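Residue numbers (this note's numbering): 207 to 413. These notes concern the structure reproduced below.
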(Lines of atoms letter the chains of each structure in order from A and count residues from 1; the text may use other names and numbers.)
(Lines give C-alpha, C1' and ligand atoms only; values in the text may rest on other atoms or scores of the structure.)
Protein backbone atom coordinates (compact mmCIF):
# COMPACT_ATOMS: atom_id res chain seq x y z
CA UNK A 1 0.00 0.00 0.00
CA UNK A 2 1.04 3.63 -0.46
CA UNK A 3 2.39 5.91 2.25
CA UNK A 4 0.11 8.96 2.04
CA UNK A 5 0.70 12.34 3.61
CA UNK A 6 2.00 15.85 2.95
CA UNK A 7 5.56 16.00 1.57
CA UNK A 8 6.51 18.25 4.47
CA UNK A 9 6.01 15.49 7.03
CA UNK A 10 6.81 12.23 5.21
CA UNK A 11 9.94 10.47 6.46
CA UNK A 12 12.85 8.83 4.66
CA UNK A 13 11.37 5.41 5.45
CA UNK A 14 8.09 6.38 3.78
CA UNK A 15 10.02 7.03 0.56
CA UNK A 16 12.24 3.96 0.86
CA UNK A 17 9.22 1.67 1.02
CA UNK A 18 8.08 2.75 -2.45
CA UNK A 19 11.61 2.98 -3.86
CA UNK A 20 12.42 -0.58 -2.76
CA UNK A 21 9.45 -2.03 -4.64
CA UNK A 22 9.14 0.25 -7.65
CA UNK A 23 12.71 1.29 -8.38
CA UNK A 24 15.48 -0.70 -6.71
CA UNK A 25 13.86 -3.99 -7.73
CA UNK A 26 13.83 -2.82 -11.37
CA UNK A 27 17.52 -1.91 -11.17
CA UNK A 28 18.47 -5.24 -9.62
CA UNK A 29 16.47 -7.39 -12.06
CA UNK A 30 17.99 -5.60 -15.04
CA UNK A 31 21.46 -5.94 -13.55
CA UNK A 32 21.07 -9.67 -12.97
CA UNK A 33 19.76 -10.40 -16.46
CA UNK A 34 22.00 -8.00 -18.37
CA UNK A 35 24.52 -10.67 -19.54
CA UNK A 36 21.68 -12.66 -21.13
CA UNK A 37 20.08 -9.55 -22.61
CA UNK A 38 23.36 -8.50 -24.22
CA UNK A 39 23.93 -12.00 -25.55
CA UNK A 40 20.46 -12.22 -27.11
CA UNK A 41 19.99 -8.59 -28.18
CA UNK A 42 16.95 -8.55 -25.94
CA UNK A 43 14.44 -5.94 -24.83
CA UNK A 44 13.87 -4.36 -21.46
CA UNK A 45 10.35 -3.24 -20.55
CA UNK A 46 10.11 -1.23 -17.33
CA UNK A 47 6.89 -0.34 -15.53
CA UNK A 48 6.54 3.35 -14.75
CA UNK A 49 3.43 5.51 -14.42
CA UNK A 50 2.05 8.82 -15.65
CA UNK A 51 2.79 10.23 -12.19
CA UNK A 52 6.43 9.67 -13.14
CA UNK A 53 5.83 12.54 -15.58
CA UNK A 54 3.24 14.58 -13.68
CA UNK A 55 4.11 14.18 -10.02
CA UNK A 56 1.32 14.96 -7.57
CA UNK A 57 -0.49 13.64 -4.47
CA UNK A 58 1.46 10.43 -3.73
CA UNK A 59 4.98 11.80 -3.30
CA UNK A 60 6.80 8.50 -2.43
CA UNK A 61 5.09 6.65 -5.29
CA UNK A 62 5.65 9.51 -7.75
CA UNK A 63 9.32 9.80 -6.76
CA UNK A 64 9.85 6.07 -7.34
CA UNK A 65 8.26 6.25 -10.78
CA UNK A 66 10.25 9.37 -11.69
CA UNK A 67 13.33 7.35 -10.79
CA UNK A 68 12.22 4.56 -13.15
CA UNK A 69 11.80 7.12 -15.94
CA UNK A 70 15.29 8.58 -15.46
CA UNK A 71 16.90 5.17 -15.00
CA UNK A 72 15.24 3.86 -18.17
CA UNK A 73 16.45 6.87 -20.16
CA UNK A 74 20.02 6.42 -18.90
CA UNK A 75 19.93 2.69 -19.60
CA UNK A 76 18.44 3.09 -23.08
CA UNK A 77 21.13 5.54 -24.14
CA UNK A 78 23.89 3.48 -22.56
CA UNK A 79 22.76 0.37 -24.47
CA UNK A 80 22.12 2.23 -27.74
CA UNK A 81 25.07 0.57 -29.53
CA UNK A 82 24.86 -2.75 -27.68
CA UNK A 83 21.79 -4.28 -29.30
CA UNK A 84 19.44 -4.01 -26.29
CA UNK A 85 16.44 -1.67 -26.39
CA UNK A 86 14.62 -0.18 -23.40
CA UNK A 87 10.90 0.59 -23.28
CA UNK A 88 8.67 2.14 -20.62
CA UNK A 89 5.00 1.47 -19.82
CA UNK A 90 3.27 4.57 -18.40
CA UNK A 91 -0.29 3.73 -17.28
CA UNK A 92 -2.75 6.31 -16.07
CA UNK A 93 -5.26 5.43 -13.37
CA UNK A 94 -6.35 1.78 -13.45
CA UNK A 95 -8.45 -0.08 -10.88
CA UNK A 96 -5.97 -2.44 -9.21
CA UNK A 97 -5.19 -3.43 -5.62
CA UNK A 98 -3.04 -0.30 -5.46
CA UNK A 99 -6.08 1.93 -5.80
CA UNK A 100 -7.28 0.66 -2.43
CA UNK A 101 -4.82 3.26 -1.16
CA UNK A 102 -7.13 5.97 -2.49
CA UNK A 103 -10.17 5.10 -0.39
CA UNK A 104 -11.21 7.65 2.20
CA UNK A 105 -10.76 5.14 5.03
CA UNK A 106 -7.21 4.23 3.99
CA UNK A 107 -6.15 7.85 3.49
CA UNK A 108 -7.33 8.71 7.00
CA UNK A 109 -5.62 5.63 8.45
CA UNK A 110 -2.29 6.53 6.83
CA UNK A 111 -2.69 10.19 7.70
CA UNK A 112 -3.27 9.36 11.36
CA UNK A 113 -0.27 7.00 11.41
CA UNK A 114 2.02 9.72 10.14
CA UNK A 115 0.53 12.56 12.20
CA UNK A 116 0.66 10.63 15.47
CA UNK A 117 4.46 10.77 15.33
CA UNK A 118 4.57 14.54 14.78
CA UNK A 119 4.53 17.51 17.18
CA UNK A 120 1.13 18.79 18.28
CA UNK A 121 1.52 22.12 16.49
CA UNK A 122 2.04 20.27 13.17
CA UNK A 123 -1.08 18.15 13.76
CA UNK A 124 -3.06 21.30 14.57
CA UNK A 125 -1.78 23.02 11.42
CA UNK A 126 -3.21 20.33 9.12
CA UNK A 127 -6.26 19.42 11.18
CA UNK A 128 -8.33 16.24 11.01
CA UNK A 129 -10.65 17.57 8.30
CA UNK A 130 -7.68 17.84 5.88
CA UNK A 131 -7.35 14.06 5.53
CA UNK A 132 -11.12 13.66 5.22
CA UNK A 133 -11.22 16.08 2.28
CA UNK A 134 -8.14 14.54 0.62
CA UNK A 135 -9.60 11.04 0.96
CA UNK A 136 -12.95 12.14 -0.39
CA UNK A 137 -11.38 13.75 -3.47
CA UNK A 138 -9.21 10.71 -4.21
CA UNK A 139 -12.12 8.32 -3.75
CA UNK A 140 -14.11 10.11 -6.44
CA UNK A 141 -11.48 9.61 -9.14
CA UNK A 142 -12.69 7.33 -11.95
CA UNK A 143 -10.16 4.52 -12.37
CA UNK A 144 -10.28 2.49 -15.58
CA UNK A 145 -11.18 -1.21 -15.32
CA UNK A 146 -9.74 -1.94 -18.78
CA UNK A 147 -6.59 -3.64 -17.51
CA UNK A 148 -6.16 -5.37 -20.86
CA UNK A 149 -4.82 -2.07 -22.23
CA UNK A 150 -1.75 -2.36 -20.01
CA UNK A 151 -1.29 -6.01 -20.99
CA UNK A 152 -1.59 -5.11 -24.68
CA UNK A 153 1.07 -2.44 -24.25
CA UNK A 154 3.39 -5.01 -22.65
CA UNK A 155 2.81 -7.48 -25.48
CA UNK A 156 3.47 -4.86 -28.14
CA UNK A 157 6.64 -3.68 -26.39
CA UNK A 158 7.92 -7.27 -26.24
CA UNK A 159 6.89 -8.59 -29.63
CA UNK A 160 6.39 -5.75 -32.15
CA UNK A 161 8.94 -5.25 -34.89
CA UNK A 162 9.02 -1.53 -34.14
CA UNK A 163 8.11 -1.07 -30.45
CA UNK A 164 7.59 2.35 -28.98
CA UNK A 165 10.03 3.80 -26.48
CA UNK A 166 7.13 4.90 -24.26
CA UNK A 167 3.57 3.62 -23.94
CA UNK A 168 1.13 6.09 -22.41
CA UNK A 169 -1.73 3.76 -21.50
CA UNK A 170 -5.30 4.70 -20.66
CA UNK A 171 -7.78 7.43 -21.52
CA UNK A 172 -6.59 9.76 -18.77
CA UNK A 173 -2.94 9.16 -19.72
CA UNK A 174 -3.62 10.24 -23.28
CA UNK A 175 -5.85 13.21 -22.43
CA UNK A 176 -5.42 15.13 -19.19
CA UNK A 177 -2.00 13.71 -18.27
CA UNK A 178 -0.63 14.26 -21.76
CA UNK A 179 -2.02 17.79 -21.76
CA UNK A 180 -0.47 18.59 -18.37
CA UNK A 181 2.85 17.07 -19.43
CA UNK A 182 3.00 19.21 -22.57
CA UNK A 183 2.01 22.44 -20.79
CA UNK A 184 4.48 24.93 -19.36
CA UNK A 185 4.98 24.20 -15.66
CA UNK A 186 3.14 27.32 -14.52
CA UNK A 187 -0.01 26.16 -16.34
CA UNK A 188 0.10 22.57 -15.04
CA UNK A 189 0.84 23.86 -11.52
CA UNK A 190 -2.16 26.18 -11.68
CA UNK A 191 -4.53 23.46 -12.92
CA UNK A 192 -3.39 20.87 -10.38
CA UNK A 193 -3.43 23.38 -7.51
CA UNK A 194 -6.94 24.49 -8.49
CA UNK A 195 -8.54 21.15 -9.34
CA UNK A 196 -6.40 18.45 -7.75
CA UNK A 197 -5.95 17.28 -4.18
CA UNK A 198 -3.50 20.17 -3.81
CA UNK A 199 -6.49 22.54 -3.86
CA UNK A 200 -7.35 21.35 -0.33
CA UNK A 201 -5.76 23.63 2.23
CA UNK A 202 -4.62 22.69 5.75
CA UNK A 203 -6.52 24.20 8.66
CA UNK A 204 -3.64 26.59 9.30
CA UNK A 205 -4.16 28.27 5.90
CA UNK A 206 -7.90 28.60 6.14
CA UNK A 207 -9.32 31.98 7.03
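Glycine included, each C-beta is placed from N, C-alpha and C at the ideal position. All values derive from a computational prediction rather than experimental measurement.
Rounded distance between the beta-carbons of residue 298 and residue 175, thought under 8 Å: Any property of residue 175 remains undetermined from this structure, which presents the chain solely from 207 to 413.
Residue 335 to residue 329 span [Cα, whole Å]: In a straight line, the C-alpha of residue 335 is about 11 Å away from that of residue 329.
Assumed close pair residue 416, residue 208 - CB separation to whole angstroms, cut-off 8 Å: With the chain covering only 207 through 413, there is no way to say anything about residue 416.
As assigned by DSSP and simplified to three states, the class of residue 264: In this structure, DSSP gives residue 264 a state outside helix and strand, which the three-state scheme calls coil.
Enclosing alpha helix (DSSP H) for residue 373 [first to last residue]: Run containing residue 373: none in the alpha helix (DSSP H); it sits in the beta strand (DSSP E), 372-375.
The alpha helix (DSSP H) enclosing residue 357, as first and last residue numbers: Boundaries of the alpha helix (DSSP H) harbouring residue 357: 354-365, taken from the DSSP string.
For residue 300: DSSP bridge partner residues: DSSP lists 350 as partners of residue 300.
Residue 249, enclosing beta strand (DSSP E) - first and last residue: Start and end: 249-253.
Residue 269 in three-state terms, based on DSSP: Residue 269: helix per DSSP, three-state reduction.
Residue range of the alpha helix (DSSP H) that includes residue 241: 231-246 is the span of the alpha helix (DSSP H), which, as asked, contains residue 241.
Supposed contact pair residue 275 and residue 375 - C-beta distance, whole angstroms, cut 8 Å: Actually they do not touch by this definition, with Cβ atoms about 15 Å apart.
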